[in-house]
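What follows is a short report on a single structure.
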Amino acid sequence: MITRGELWADITKMALTFVVALGTGIGFLYAGFPAPYLMGSLFGVWAVGASIPQISNRMGVARWIHIPVILGLGVLIGSNFTADILSNLEKWFVTVTIMAITTIAVTTIGFVYLRRVRKYDKQLAFLCSIPGGQAEAIVVARDLVEKDYVVALFHLIRVAIVFCTTPLLLGFVQGQDAVYASNTALQAMPSLFDLSWQKLLSFLGTALFGYLIARLLRLPMAHLLGPLCLSTALHMIGILEIPRVNEFVILAQVVIGGAVGARLARVPFRELLTYVKDAFATTTLILTAYILVAVCISMVIDADLLAMWLAFVPGGLYEVTLLALIFGFDVAFIAFHHTIRVMLIFLSMPLMIARLGKG
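Residues in the sequence shown are numbered from 0 upward in steps of one, following numbering that gives the first Met the number 0.
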């Protein structure tokens, strides 16, 4: 049970962290950065904490805020699966299957490199090798590994490389337009105050009951798997339709980015530099494998190489989808592949982590 003194200490830490995180997030938004609140929060809190050592220990995010964010993210991930998108499953079965196999293969490649060559712990190596879902992976890492900031670095570097290379691959033009469109889409999400009380209750109820059901079934990571599975089932059969709420999406990015930034601020730069090198090496292995598969598929089935690359590349779902829209590709095809990859990762991740154990 948390004491009044501990509660007050948590609140003061989070107040300072959120002021810095939200301020830099807004700055990143207007500067046109991708995932502005996540990246802005992380780099802003990291920079302030590292620059002023006296306050680095006074920044952080309490676990009692962290857990509700995971519950909500589980619901929102599940909302990607609707009855409409499943109607195309037969048409896209071959490429989706190849994408799933490739995802397993690249995760294995990254894991083996980090585990055998770089001597990482099993769970840390696995979380750093997952090709997608940066925010969710960072959230889960906090519960499982001491060095969650390493997972954040790996995923941020992978996404940054995707953002830099994909627009170049798509004709050397208009890549930044997708970033601006992505940020506009975030601002255009429905507000908490626009939702009916029934929608709000559905959101809260799905998160809570999903968690309780997962606890009863003794599933690993009940706070992630429970809401995710229940939300997926309810959206697939058409009972539920929960939109992404603007305030919650921003809150999740600020909480996740601020927490990781606070951890990074207390880590020596020399130690971080080693992990950055490993992250570049792992990202190169993962992206090389994906692009080789995309090239092979496009040649065999005579599909557009760039469309296939967008369907396979492990970048952000919304950003890659908007790139597809801008360049005239089949948005549903690309979004479906990304959704399947993220679902595959986060349904299997708790089971894999439990199997791997520590060490």
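Beta carbons: idealized from backbone N, C-alpha and C, even for Gly. This one's a predicted model, so the numbers in the text were calculated from it and none came from an experiment.
Assign residue i to one of three DSSP states: helix, strand, or coil.
{"i": "tyrosine 112", "result": "helix"}
{"i": "glycine 31", "result": "coil"}
{"i": "tyrosine 148", "result": "helix"}
{"i": "methionine 351", "result": "helix"}
{"i": "arginine 117", "result": "coil"}
{"i": "serine 78", "result": "coil"}
{"i": "valine 312", "result": "coil"}
{"i": "valine 161", "result": "helix"}
{"i": "aspartate 329", "result": "coil"}
{"i": "proline 242", "result": "coil"}
{"i": "proline 226", "result": "helix"}
{"i": "isoleucine 236", "result": "coil"}
{"i": "isoleucine 1", "result": "coil"}
{"i": "glutamine 73", "result": "What sits at residue 73 in the sequence shown is glycine, not glutamine. Of the three classes helix, strand and coil, the one that applies to glycine 73 here is helix, per DSSP."}
{"i": "methionine 13", "result": "helix"}
{"i": "methionine 188", "result": "coil"}
{"i": "valine 172", "result": "Bear in mind that the predicted position of valine 172 carries a pLDDT of just 43, short of 50, making it unreliable; the figure below should be weighed with that in mind. Note: valine 172 maps to coil in three-state DSSP."}
Rounded to the nearest angstrom, what separates residue i and residue j at their Cα positions?
{"i": "arginine 265", "j": "glutamate 145", "result": "13 Å"}
{"i": "threonine 205", "j": "proline 267", "result": "41 Å"}
{"i": "glycine 24", "j": "valine 299", "result": "44 Å"}
{"i": "alanine 310", "j": "alanine 302", "result": "12 Å"}
{"i": "alanine 104", "j": "aspartate 142", "result": "25 Å"}
{"i": "leucine 15", "j": "glycine 39", "result": "15 Å"}
{"i": "lysine 121", "j": "arginine 354", "result": "10 Å"}
{"i": "isoleucine 108", "j": "valine 139", "result": "21 Å"}
{"i": "valine 62", "j": "alanine 293", "result": "Looking at the sequence shown, residue 62 is not valine but arginine. The alpha-carbon atoms of arginine 62 and alanine 293 are separated by roughly 40 Å."}
{"i": "aspartate 193", "j": "alanine 288", "result": "43 Å"}
{"i": "arginine 214", "j": "leucine 350", "result": "15 Å"}
{"i": "histidine 222", "j": "alanine 280", "result": "32 Å"}
{"i": "leucine 155", "j": "alanine 334", "result": "21 Å"}
{"i": "alanine 30", "j": "alanine 20", "result": "15 Å"}
{"i": "arginine 114", "j": "alanine 124", "result": "6 Å"}
{"i": "glutamine 53", "j": "threonine 2", "result": "25 Å"}
{"i": "phenylalanine 332", "j": "leucine 28", "result": "28 Å"}
{"i": "leucine 95", "j": "histidine 234", "result": "One point to set straight first is that residue 95 is valine, not leucine, in the sequence displayed. Roughly 20 Å between the two C-alpha positions."}
{"i": "alanine 99", "j": "isoleucine 339", "result": "8 Å"}
{"i": "threonine 273", "j": "arginine 117", "result": "10 Å"}
{"i": "tryptophan 7", "j": "serine 201", "result": "31 Å"}
{"i": "leucine 263", "j": "methionine 188", "result": "30 Å"}
{"i": "valine 172", "j": "valine 248", "result": "Below a pLDDT of 50, predicted positions are generally treated as unreliable, and valine 172, at 43, falls in that range; the measurement from the model is reported next regardless. Roughly 29 Å separates the two Cα atoms."}
{"i": "alanine 46", "j": "histidine 65", "result": "22 Å"}
{"i": "serine 55", "j": "lysine 12", "result": "10 Å"}
{"i": "glycine 170", "j": "tryptophan 196", "result": "Because the pLDDT at glycine 170 is just 47, under 50, the model does not fix this residue reliably, and the value given afterwards should be weighed accordingly. If I take the Cα positions, the gap works out to 46 Å."}
{"i": "alanine 73", "j": "isoleucine 296", "result": "For the sequence presented, residue 73 should be read as glycine rather than alanine. Rounded to the nearest angstrom, the two C-alpha atoms are 32 Å apart."}
{"i": "leucine 291", "j": "valine 93", "result": "17 Å"}
{"i": "threonine 81", "j": "alanine 151", "result": "30 Å"}
{"i": "glycine 22", "j": "lysine 90", "result": "45 Å"}
{"i": "leucine 70", "j": "leucine 203", "result": "9 Å"}
{"i": "proline 313", "j": "glycine 131", "result": "5 Å"}
{"i": "threonine 283", "j": "valine 244", "result": "34 Å"}
{"i": "alanine 251", "j": "cysteine 127", "result": "20 Å"}
Just reading off the alpha helix (DSSP H) that residue i is part of, what are its end residues?
{"i": "lysine 198", "result": "196-215"}
{"i": "tyrosine 274", "result": "268-299"}
{"i": "lysine 90", "result": "No alpha helix (DSSP H) contains lysine 90, which DSSP labels as neither H nor E."}
{"i": "glutamate 246", "result": "245-263"}
{"i": "methionine 220", "result": "Methionine 220 -> no alpha helix (DSSP H), and no H or E assigned at all."}
{"i": "serine 128", "result": "121-128"}
{"i": "aspartate 303", "result": "Premise fails: aspartate 303 is in no alpha helix (DSSP H) and is neither H nor E."}
Unbroken stretches of the beta strand (DSSP E), 3 residues or longer, contained in the segment 17-71: Runs found: none.
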